[in-house]
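So the protein lines, in turn, are chains A and B. To convert, take the position in the first sequence, counting from 1, and add 1; that gives this note's numbering. To convert, take the position in the second sequence, counting from 1, and add 2; that gives this note's numbering. Yeah, the Cβ is synthetic: ideal placement off N, Cα and C, and Gly gets one too.
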Amino acid sequence: MTVEDLSVPAHWRRRLTYYRLVAGRCKKCGRLHYPPAPACPYCGSKDLELIEINNKGKLETYTIIYSAPGKSRGRAPIIVGVVNIEGLRIVSELTDIEPEELKTGIDVEPVLRRMDEDTNKGIIRYAIKFRPVLVPKSEERG
Amino acid sequence: MQDILRPESKVGIHGWGTYVPRYRLPMNEILRMWGWPPGQEKGLGMKEKAVAGLDEDSVTMGWEAALNAIKRAKVNPGKIGAVFFGTESKPYAVKPSATIIAEALGITPETMASDLEFACRAASEGLRSTIGLVASNMIEYGLVIGSDTAQSSPGDVLEFTASSGAVAYIIGSRKGSVAYFEGSYTYVTDTPDFWRRALAPYPKHGEGFTGEPAYFHHIEMSVKGLLEELGLRPSDFDYAVFHQPNGKFPLRVATRLGFPKEKVLPGLVTPEIGNTYNASALLGLARVLDTARPGERVLVAPFGSGAGSDAYSVVVTDVIEERKNLAPKFNDYLLRKKTIDYALYAKYRRLYISYY
Ligand SMILES: [Zn+2]
Chain A
2 MTVEDLSVPA HWRRRLTYYR LVAGRCKKCG RLHYPPAPAC PYCGSKDLEL
52 IEINNKGKLE TYTIIYSAPG KSRGRAPIIV GVVNIEGLRI VSELTDIEPE
102 ELKTGIDVEP VLRRMDEDTN KGIIRYAIKF RPVLVPKSEE RG
Chain B
3 MQDILRPESK VGIHGWGTYV PRYRLPMNEI LRMWGWPPGQ EKGLGMKEKA
53 VAGLDEDSVT MGWEAALNAI KRAKVNPGKI GAVFFGTESK PYAVKPSATI
103 IAEALGITPE TMASDLEFAC RAASEGLRST IGLVASNMIE YGLVIGSDTA
153 QSSPGDVLEF TASSGAVAYI IGSRKGSVAY FEGSYTYVTD TPDFWRRALA
203 PYPKHGEGFT GEPAYFHHIE MSVKGLLEEL GLRPSDFDYA VFHQPNGKFP
253 LRVATRLGFP KEKVLPGLVT PEIGNTYNAS ALLGLARVLD TARPGERVLV
303 APFGSGAGSD AYSVVVTDVI EERKNLAPKF NDYLLRKKTI DYALYAKYRR
353 LYISYY
């Protein structure tokens, strides 16, 4: 997900979407959308179901936000990408990657991270970000 | 050994999972920053330490370790009846971390869930409690997580070792487990070797006092107690894993207990990633399980300041082979690293005070 300054109840209501990458699937046209909306963004049907899509995806494109506003300044550079999981395009922050390591087409996977926090007294908002897929290297070293 | 009377023998590990953050701080950065004498880190047996990124904390690291443990256990998260989160770096002083992880992994709502605190030993208390819950059939599976972003005052000697990492175990019945317990033993006293007062950002420690009356006494007593109860000797074990506040203490306590160095090194993770506090010894066990063979016996002895130690005897079963590759291994995380300098470390550890 990307940064949103949500109120405590608003983040709480969407927690499954943020924590588990729960998407909406339209029972009429079969297409996926994320985050889940009240109606299918493609055909308008309200006959929807929620499904979990914790799979690996491909990074289609990205942007690097160097001039992060306000309290996000401390997190700069913020990298936001479009991740394609089985045809579903998700706009999400990327993590565990530096600007010079970015490349379109790399495999990425969802991980739970701190999205932001409401000063040091308020709520901590956790949500899924994407990071480069962890490639098993230990076999090489035995 | 009266196996039938021992509740531990009905219980085993179904899945294990580890997590180490990507960033590493080399020891020479700490030497340079704070004017330590060259070679100061060698006395601690340290090479570099793992540093959590800006968007990580004990909850996010514990989540990934738990996810890996669930993958290996091949268990439906809804069947997990207890989540114990051992840490001394809770993101919230009041509000359970365990519920955040349980919710994110689909374990809620029919489960016990709580955060435990006993310095570095809380997760181990969670493990021993979970063994009891499973043995008594109160729950089918339990999830035990040890996770810490360990705090250390800038310039304190603790800074060489205090690091970040997580480990998790799915505990269930002995049947179908990758490793079962033979016994466990706990030894605690009131020993003020290390503490952090409420609202204090960094802990205080008793320097030399942390060794002899704290670490060595409690681990030696718990291990000797376990060996006596089970009628086992150090030579009966293939591996010995002790709490690892630095790279030296575990080797020294092993020698004193009669375990050769070769049995300690496979589970010794601190020299390369630092002391991960509640993960530490349990992370060492996980690394041993990554490559262990059926029939091998492991001694595990976590320790926590304040002070206490648990000792466990664990025997690997042939189920382990099919589970090893179901999730990333400790060494996968170890080799995925990016070296940072002290300035970035200070940013990631939130040592700067910014006004936006
Ligand atoms: Zn539709």
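For chain A, check one thing: does any of its Cβ atoms lie closer than 8 Å to the Cβ of Trp18 (chain B)? Mapped onto the second sequence, residue 18 (chain B) falls at position 16. Taking Cβ atoms only, chain A never reaches closer than 8 Å to Trp18 (chain B), which makes this a no.
Should the region 223-237 of chain B be called in touch with the region 307-318 of chain B, which here means at least 3 C-beta pairs below 8 Å? Result yes; three or more Cβ-Cβ pairs closer than 8 Å.
For Gly213 (chain B), I'd like the list of residues in its chain whose CB is within less than 8 Å of its CB, leaving aside the five on either flank, ordered along the chain. Stepping through the second sequence from its first residue, residue 213 (chain B) is reached at position 211. Excluding sequence positions up to five before and after Gly213 (chain B), its CB lies within less than 8 Å of the CB of Phe251, all in the same chain and listed in chain order.
Can Tyr35 (chain A) be considered in contact with ligand 3, in the sense that its beta carbon sits closer than 7 Å to one or more heavy atoms? For the structure depicted, ligand 3 is absent and the ligand set comprises only ligand 1.
Return the bridge partner residues of Ser126 (chain B) from the DSSP annotation. Position 124 of the second sequence, counted from the start, is the residue given in the question as residue 126 (chain B). According to DSSP, residue pairing for Ser126 (chain B) in a beta bridge does not occur.
Check whether the region 55-68 of chain B and the region 86-106 of chain B touch, using three or more Cβ-Cβ pairs below 8 Å as the test. Short answer: they touch.
Would DSSP call Trp38 (chain B) helix, strand or coil? For the purposes of this step, residue 38 (chain B) is taken as residue 36 along the second sequence, with counting starting at 1. Reduced to three states, the DSSP call for Trp38 (chain B) is coil.
Drop a sphere of 10 angstroms on the beta-carbon of Gly31 (chain A), count the other beta-carbons inside from all chains shown, and report buried for 16 or more, exposed for fewer. On the first sequence, position 30 is the one that residue 31 (chain A) refers to. Label assigned to Gly31 (chain A): exposed.
The beta strand (DSSP E) that contains Phe87 (chain B), what's its start and end? Taking the first residue of the second sequence as position 1, residue 87 (chain B) is located at position 85. Phe87 (chain B) -> beta strand (DSSP E) spans 82-88.
Taking buried to mean at least 16 other C-beta atoms within 10 Å of its own C-beta, is Pro10 (chain A) buried or exposed? By one-based count along the first sequence, residue 10 (chain A) stands at place 9. Exposed: under 16 other Cβ atoms inside 10 Å.
Would you say Lys265 (chain B) reaches chain A, if we count a Cβ-Cβ gap shorter than 8 Å as a contact? Residue 265 (chain B) sits at position 263 when you count from the first residue of the second sequence. Not closer than 8 Å to any Cβ of chain A, the Cβ of Lys265 (chain B) fails to qualify, so no.
Quick one, what's near ligand 1 if you take every residue whose CB is closer than 6 Å to any heavy atom, in chain order? In chain order, the hits are A:Cys27, A:Lys29, A:Cys30, A:Arg32, A:Cys41, A:Tyr43, A:Cys44, A:Ser46.
What does the Cβ neighbour count give for Val134 (chain A), buried or exposed, with the cut at 16 atoms within 10 Å? Indexing the first sequence from 1 puts residue 134 (chain A) at position 133. With fewer than 16 other Cβ atoms within 10 Å, it is exposed.
Indicate the three-state DSSP secondary structure (helix, strand or coil) for Glu118 (chain A) in the structure shown. Looking up residue 118 (chain A) in the first sequence gives position 117. Three-state DSSP puts Glu118 (chain A) in a strand.
Among B:Pro93, B:Thr188, B:Ala54, which residue has its Cα nearest to the Cα of Ile125 (chain A)? Residue mapping note: residue 125 (chain A) aligns to position 124 of the first sequence, counting from 1. B:Pro93 is the residue among B:Pro93, B:Thr188, B:Ala54 whose C-alpha sits nearest the C-alpha of Ile125 (chain A).
Which chain B residues sit within Cβ distance under 8 Å of Leu7 (chain A)? Looking up residue 7 (chain A) in the first sequence gives position 6. Within 8 Å Cβ-Cβ: nothing; Leu7 (chain A) doesn't reach chain B, min ~16 Å.
Helix, strand or coil: how does DSSP classify Tyr347 (chain B) here? Mapped onto the second sequence, residue 347 (chain B) falls at position 345. Helix.
Secondary structure, beta strand (DSSP E): runs of 3+ residues fully inside the region 207-255 of chain B: The qualifying runs are 241-244.
Close-in-space but distant-in-sequence residues of the same chain around Tyr344 (chain B) (CB under 8 Å, 5 per side omitted): In the second sequence, residue 344 (chain B) corresponds to position 342, counting from 1. Same-chain partners within the cutoff: Leu27, Glu31, Ile32, Arg34, Met35.
Short of 7 Å Cβ to Cβ, which residues in the region 88-99 of chain A face chain B? Residues Thr96, Asp97.
Measuring alpha carbon to alpha carbon, tell me which residue in A:Val81, A:Arg114, A:Gly25 is nearest Thr62 (chain A). Here residue 62 (chain A) refers to the residue found at position 61 of the first sequence. Nearest of A:Val81, A:Arg114, A:Gly25 to Thr62 (chain A), Cα basis: A:Val81.
Under 7 Å, CB to CB, which of the residues in the region 46-77 of chain A have a partner in chain B? Against chain B - using a Cβ distance shorter than 7 Å - the residues of the region 46-77 of chain A are Gly71, Lys72, Arg74, Gly75, Arg76.
Is it buried or exposed for Tyr67 (chain A), if we count other Cβ within 10 angstroms and need 16 for buried? If you number the first sequence from 1, residue 67 (chain A) lands on position 66. Counting Cβ neighbours within 10 Å, Tyr67 (chain A) comes out exposed, since fewer than 16 surround it.
Per DSSP, Met140 (chain B) forms a beta bridge with which residues? Residue mapping note: residue 140 (chain B) aligns to position 138 of the second sequence, counting from 1. According to DSSP, Met140 (chain B) bridges with nothing at all.
Mind pulling the chain A residues with CB within less than 9 Å of Arg26 (chain B)? If you number the second sequence from 1, residue 26 (chain B) lands on position 24. Within 9 Å Cβ-Cβ: nothing; Arg26 (chain B) doesn't reach chain A, min ~13 Å.
Between which residues of its own chain and Ala124 (chain B) is the CB-CB distance below 6 Å, once the five residues before and five after are set aside? Taking the first residue of the second sequence as 1, we reach residue 124 (chain B) at position 122. Taken in chain order, the residues that qualify are Gly88, Leu118, Asn280.
Can you say whether Ile147 (chain B) is buried or exposed, counting buried as having 16 or more other CB atoms within 10 angstroms of its CB? In the second sequence, counting from the first residue as 1, residue 147 (chain B) sits at position 145. Buried, because 16 or more other Cβ atoms sit within 10 Å of the Cβ of Ile147 (chain B).
Does the separation of the CB atoms of Thr341 (chain B) and Thr163 (chain B) fall below 8 Å? Within the second sequence, residue 341 (chain B) is the residue found at index 339, counting from 1. Within the second sequence, residue 163 (chain B) is the residue found at index 161, counting from 1. Between Thr341 (chain B) and Thr163 (chain B), the CB-CB gap reaches or exceeds 8 Å.
With three or more beta-carbon pairs closer than 8 Å as the criterion, would you say the region 281-296 of chain B touches the region 245-259 of chain B? Between the region 281-296 of chain B and the region 245-259 of chain B, the count of Cβ pairs shorter than 8 Å is three or higher; the stretches touch.
Check distances from the C-beta atoms of the region 222-256 of chain B to those of chain A and list, in chain order, the residues that come in under 7 Å. For chain A, none of the residues of the region 222-256 of chain B brings a beta carbon within less than 7 Å of one of its beta carbons.
Inter-residue spacing [alpha-carbon to alpha-carbon] between Arg142 (chain A) and Asn333 (chain B): Your numbering for residue 142 (chain A) matches position 141 in the first sequence. Your numbering for residue 333 (chain B) matches position 331 in the second sequence. Any reading at Arg142 (chain A) must be qualified, since the residue scores a pLDDT of 43, below 50, and its modelled position is unreliable; no value is offered.
Along the region 103-131 of chain A, where does the CB come closer than 8 Å to a CB of chain B? Name the residues. Cβ contacts with chain B come from Val112, Leu113, Arg114, Arg115, Met116, Ile125, Tyr127, Lys130.
Roughly how many angstroms lie between the CA atoms of Met3 (chain B) and Leu228 (chain B), to the nearest whole one? Taking the second sequence and counting its residues from 1, the one referred to as residue 3 (chain B) is at position 1. Taking the second sequence and counting its residues from 1, the one referred to as residue 228 (chain B) is at position 226. Residue placement at Met3 (chain B) is poorly supported in this model, since its pLDDT is 49, which falls under 50; the coordinates are not used for a value here.
Give the straight-line distance between the Cα atoms of Arg21 (chain A) and Ser149 (chain B), rounded to the nearest whole angstrom. Position 20 of the first sequence holds residue 21 (chain A). Position 147 of the second sequence holds residue 149 (chain B). Their Cα atoms are separated by approximately 20 Å.
Quick check on Met48 (chain B): does DSSP put it in helix, strand or coil? Mapped onto the second sequence, residue 48 (chain B) falls at position 46. DSSP places Met48 (chain B) outside both helix and strand once states are collapsed to three, so it counts as coil.
Which residue comes first and which comes last in the beta strand (DSSP E) that contains Val77 (chain B)? Here residue 77 (chain B) corresponds to residue number 75 of the second sequence, with the count starting at 1. Run containing Val77 (chain B): none; DSSP gives neither H nor E here.
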